[in-house]
């Protein structure tokens, strides 16, 4: 499985949001997308998901253009954890996770199969959610609910996992837990992971490679240790900082 984005252009009307964006990700890689608010990070994921249609450029998934997949086919390949998830109904945790199997239904009238429920049980065990299985999701903490949303994305055994700021509303402990789980799954299942992050130190800790986007363009691409430099962070974020190193990992200390 591969994800290949080449010379992607996207905008609303005459205003361009993404300019000449290229991204290549292979199985087993955890790629971080970094950059200031409004630079186009979430828009890039929505183009990959075909929520938005590019003005030009190519998005290939396993050597096939993304637009050639049906939405059902695409939802089997890509698991997505959105930036915000809100509940309008008091659903059980198990039912929310089961939603992730919708694309596997043989027909709208067939209902979920034994295999679907077994997949739900498997991902519940994987993410240590057994004690929450029968609970109403409204009763969960933010970190607990985020694990449920991650389980929903993983239950269809996707080949690509896209995460849009999965740690933004979490305390540091839960943020580390979520990314540790994601990286472990990406490596064990040999799938592609792409995550949007604002926390530079979490990116340094978990990402194999990072892309830094500014004004809708890829400004830098490389390993965290190569890009987490004072001059680069000043250019991208206008951030004054010092860079320390711990166990061969860059640590960003704002001034």
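In the UniProt record's numbering, the protein residues as written are 1 to 255.
Ideal Cβ positions, reconstructed from N, Cα and C, are used throughout, including at glycine.
Keep in mind that this is a model prediction, so the values were computed, not measured.
A direct Cα-to-Cα measurement between residue 9 and residue 44 gives close to 10 Å. Contact between residue 160 and residue 77 holds, with the beta-carbon distance rounding to 6 Å and staying under 8 Å. DSSP places residue 25 in the strand class (E or B) of the three-state scheme.
The stretch 177-229 is shown to contain whole alpha helix (DSSP H) runs of 4 or more residues at 200-206, 224-227, in chain order. In the three-state reduction of the DSSP assignment, residue 68 falls in the helix class.
Spatial neighbours of residue 222 in its own chain (CB-CB distance under 8 Å, excluding positions within 5 residues in sequence) are listed in chain order as 209, 210.
In this structure, 100 is the residue among 100, 128, 27, 90 with its C-alpha nearest to the C-alpha of residue 115. Residue environment for residue 106: exposed (fewer than 16 other C-beta atoms within 10 angstroms of its C-beta). Taking the CA atoms as reference points, residue 23 sits about 16 Å from residue 164.
Of 157, 27, 7, the smallest CA-CA separation from residue 192 is found for 27. Judged by DSSP in its simplified three-state form, residue 84 adopts coil rather than helix or strand. Across the structure, residue 71 and residue 18 are spaced so that their CA atoms are roughly 23 Å apart. Of all alpha-carbon atoms in 145, 215, 173, the one lying nearest the alpha-carbon of residue 83 is that of 145.
Burial of residue 124 is indicated by the presence of at least 16 other C-beta atoms within 10 angstroms of its C-beta. Under the 10 Å beta carbon count, residue 203 is surrounded by 16 or more other beta carbons and is classified as buried. The beta-bridge partner set that DSSP reports for residue 56 consists of 9. Minimum Cα-Cα distance from residue 186 among the listed residues 162, 167, 199 corresponds to 162.
As the crow flies, the alpha-carbon of residue 96 is around 44 Å from that of residue 231.
Counting C-beta atoms within 10 angstroms of its own C-beta, residue 248 has fewer than 16 neighbours from the protein chains shown and is therefore classed as exposed.
The three-state secondary structure of residue 31, taken from DSSP, is strand.
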